[in-house]
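Some notes on the structure that comes next.
There are 2 protein chains.
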Amino acid sequence: MQLIDGKKVAGDIKLEIKAEVEKIKANGGKAPHLAAVLIGHDGGSETYVAYKIKDCEAVGFKSSLILYEDDVSEDQLLAKIHELNNDDDLDGFIVQLPLPEHIAEQKIIEAINPKKDVDGFHAANVGRMVIGLPTFVSATPFGIMELMKRYRIETKGKNCVVVGRSQIVGRPLSILLSQKGIDATVTVAHSRTKDIKELCAHADILVAALGSPEFVTKDMVKEGAVVIDVGTTRVPSDETKSGFRLKGDVLFDEVAPKCSFITPVPGGVGPMTRVSLLHNTLLAAKKEIYS
Amino acid sequence: MQLIDGKKVAGDIKLEIKAEVEKIKANGGKAPHLAAVLIGHDGGSETYVAYKIKDCEAVGFKSSLILYEDDVSEDQLLAKIHELNNDDDLDGFIVQLPLPEHIAEQKIIEAINPKKDVDGFHAANVGRMVIGLPTFVSATPFGIMELMKRYRIETKGKNCVVVGRSQIVGRPLSILLSQKGIDATVTVAHSRTKDIKELCAHADILVAALGSPEFVTKDMVKEGAVVIDVGTTRVPSDETKSGFRLKGDVLFDEVAPKCSFITPVPGGVGPMTRVSLLHNTLLAAKKEIYS
């Protein structure tokens, strides 16, 4: 069994991006510029955005932070997005989700210029992924595809089961895994799926992305399978300073011995999602998606 | 075994659309207006466009036909698309594919305003389908979903195998079938899939969309399965005036007796694709997708 070390791979990618930014600057180019819009004071959101800004600094990007109170109106936010869309110095930006209830999330996402949508949530970018055009792939699917590539995991003709059909993980990942060149035979399982245990037990590659702690047990995993655990449920813990710890969707201790490869939680898929934003911002700066 | 009569359902839908157009007109509204852009003299394309114009007449739509010779430049075509995008009298338009080799198909498709993209090929509309937003669904997936709905075919929790991952059939159909509310467990099979016969033999719903005549034989079909045949390969024939006939991807005579439902070729999925354009144009006129 080989552990997939997402923390190490994420670190490698950050160094690669940093080197590329240095080259761009050495050639007289400008640093990629990412902006993040943060609304209100949700603790999780504040932490995530702080990490994103810190990541930018670490690789030599320029970053901007735009803060609003919880009572910002939808129109104010749309006006700001319009301004960011038209800011030539800015390569990409994100609006940190979730939004306050009085703001229509989808309307905000669709107002972002797809060329600057480095989160990859805009319908035009999702559609480009389906069609097979260059696009900004969203964080978790990007992270998983990159881990599989760097660990040279064979996908062609493999039976792959993706448990979960969310718009940000299961659905896009299932599409990417069955595209030409990757060529897995992909089944999307979900809450309505019958005989889900048996289905999983036939998978060469099993992706658990349902958000149900320790859902995948050893009887659901084929000997030698690749297991990708996307779950990150917070559970109370006496052993950590924060008072909680993360639990994956896979019962790691009993499943790991059966696997050829497995991602741990934490330290597997999680660290990869942060570098995807850097990756996409660099692509935006280089105008590699929309030329 | 029940035969799925696409010709009858398509006729029903045309009557429904006609009745709705009459109501719109009676209330002082204007008739939905579809334009078709046809380039060159490909026999198939000329025939398809002629049918589309005829269909518009049959349901009371206004239609416009825009003709170009094969040597039209990409820039000329883009200028026309820009004009059509901004023509307030026009609800939707299509550019008949395939295009001459010197014109980049994807560039043309992406130049169409998604709000008028009644073929449903624009990345923004494909993405909206993935996200689950209202959208223009392209012809064949629309036709199949509509047939299944009108024949009250149960999809929840059913194992569905879609053979073929094309951008216009297999891929979008597989997404639609596994969306919430439809809830099938969908596997996308393709040329790299191993043990494809066994996979098909476990399907409650089998969709053959690979374009390989009579690929699906009776050993690949479960007793009581629903079989949807998307294949339409032209094969030479002495028995028809045209000198050819259409062959499906399913060996109908031996497969049909095992099925609960099956679509014939011709007369199954085929006739449905034509009404999808009318359906989408009506949606565009009513501004039901992008409000």
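Residue numbers (the numbering used here), protein chains in the order written: chain V, 29 to 319; chain X, 29 to 319. For every residue, glycine included, the Cβ atom is placed at its ideal position computed from N, Cα and C.
Residue range of the unbroken beta strand (DSSP E) whose run includes residue i
i: residue 91 of chain X; result: 90 to 96
i: residue 61 of chain X; result: 61 to 67
i: residue 236 of chain V; result: 233 to 236
i: residue 109 of chain V; result: Segment 102 to 113 is the alpha helix (DSSP H) holding residue 109 of chain V; no beta strand (DSSP E) there.
i: residue 122 of chain X; result: 120 to 123
Cβ-based burial, residue i [other Cβ within 10 Å; buried from 16]
i: residue 244 of chain X; result: buried
i: residue 308 of chain V; result: buried
i: residue 34 of chain V; result: buried
i: residue 101 of chain V; result: exposed
i: residue 163 of chain X; result: buried
i: residue 202 of chain X; result: buried
i: residue 259 of chain V; result: buried
i: residue 265 of chain X; result: exposed
i: residue 174 of chain X; result: buried
i: residue 40 of chain V; result: exposed
i: residue 57 of chain X; result: exposed
i: residue 119 of chain X; result: buried
i: residue 319 of chain X; result: exposed
i: residue 71 of chain X; result: exposed
i: residue 299 of chain V; result: buried
i: residue 37 of chain V; result: buried
i: residue 171 of chain X; result: buried
i: residue 262 of chain V; result: exposed
i: residue 144 of chain V; result: buried
i: residue 149 of chain V; result: buried
i: residue 43 of chain X; result: exposed
i: residue 180 of chain X; result: exposed
8 Å contact criterion, which residue i and residue j should meet: CB distance rounded
i: residue 186 of chain V; j: residue 232 of chain V; result: 4 Å
i: residue 230 of chain X; j: residue 192 of chain X; result: That pair is no contact at about 17 Å.
i: residue 166 of chain X; j: residue 200 of chain X; result: 6 Å
i: residue 139 of chain X; j: residue 92 of chain X; result: Wrong, their Cβ atoms sit about 18 Å apart, outside the cutoff.
i: residue 73 of chain X; j: residue 134 of chain X; result: Wrong, their Cβ atoms sit about 18 Å apart, outside the cutoff.
i: residue 213 of chain V; j: residue 213 of chain X; result: Wrong, their Cβ atoms sit about 14 Å apart, outside the cutoff.
i: residue 108 of chain V; j: residue 65 of chain V; result: 7 Å
i: residue 146 of chain V; j: residue 169 of chain V; result: Rounded, the Cβ-Cβ distance is 14 Å, inconsistent with contact.
i: residue 241 of chain X; j: residue 275 of chain X; result: 4 Å
i: residue 254 of chain X; j: residue 286 of chain X; result: Contact flag wrong, Cβ pair sits at about 11 Å.
i: residue 237 of chain V; j: residue 277 of chain V; result: 7 Å
i: residue 98 of chain X; j: residue 220 of chain V; result: At roughly 50 Å, the Cβ-Cβ gap does not stay under 8 Å, so residue 98 of chain X and residue 220 of chain V are not in contact.
i: residue 306 of chain X; j: residue 122 of chain X; result: Not really, about 12 Å apart at Cβ, beyond 8 Å.
i: residue 161 of chain V; j: residue 183 of chain V; result: Not a contact, Cβ separation roughly 20 Å.
i: residue 158 of chain X; j: residue 158 of chain V; result: 6 Å
6 Å CB neighbourhood of residue i in its chain, flanking five on each side removed
i: residue 30 of chain V; result: 289
i: residue 234 of chain X; result: 189, 228, 253 and 255
i: residue 224 of chain V; result: 217
i: residue 84 of chain V; result: 62 and 91
i: residue 280 of chain V; result: none
i: residue 45 of chain V; result: 87, 306 and 310
i: residue 156 of chain X; result: 163
Distance cut-off 7 Å: residue i Cβ against heavy atoms of the ligand FAD
i: residue 124 of chain X; result: The ligand FAD is not part of this structure, which contains no ligands at all.
Own chain partners of residue i with C-beta closer than 7 Å, once the 5 adjacent residues on each side are dropped
i: residue 151 of chain X; result: 138
i: residue 296 of chain X; result: 32, 34 and 257
i: residue 79 of chain V; result: 302
i: residue 292 of chain X; result: 31 and 280
i: residue 251 of chain V; result: 286
Span of the alpha helix (DSSP H) around residue i
i: residue 38 of chain V; result: 34 to 54
i: residue 75 of chain X; result: 71 to 87
i: residue 224 of chain X; result: 224 to 229
Cut-off 8 Å between Cβ atoms - residues of its own chain near residue i, not counting five sequence neighbours on either side
i: residue 49 of chain V; result: 59, 60, 87, 88, 89 and 310
i: residue 104 of chain X; result: 96
i: residue 110 of chain V; result: 139
i: residue 68 of chain X; result: 96, 97, 98 and 128
i: residue 269 of chain X; result: none
Within-8 Å CB hit, residue i to chain C
i: residue 237 of chain V; result: This model lacks chain C altogether, as its protein chains are V and X.
Counting only runs of 3+ residues fully inside the stretch 133 to 215 of chain V, write out the beta strand (DSSP E) ranges in chain order.
For the stretch 133 to 215 of chain V, whole beta strand (DSSP E) runs of length 3 or above, ordered along the chain, are 187 to 191.
At 3 residues or longer, what runs of the beta strand (DSSP E) sit wholly inside the stretch 242 to 302 of chain V?
Along the stretch 242 to 302 of chain V, the beta strand (DSSP E) occurs as fully enclosed runs of 3 or more residues at 254 to 257, 261 to 264 and 272 to 275, listed in sequence order.
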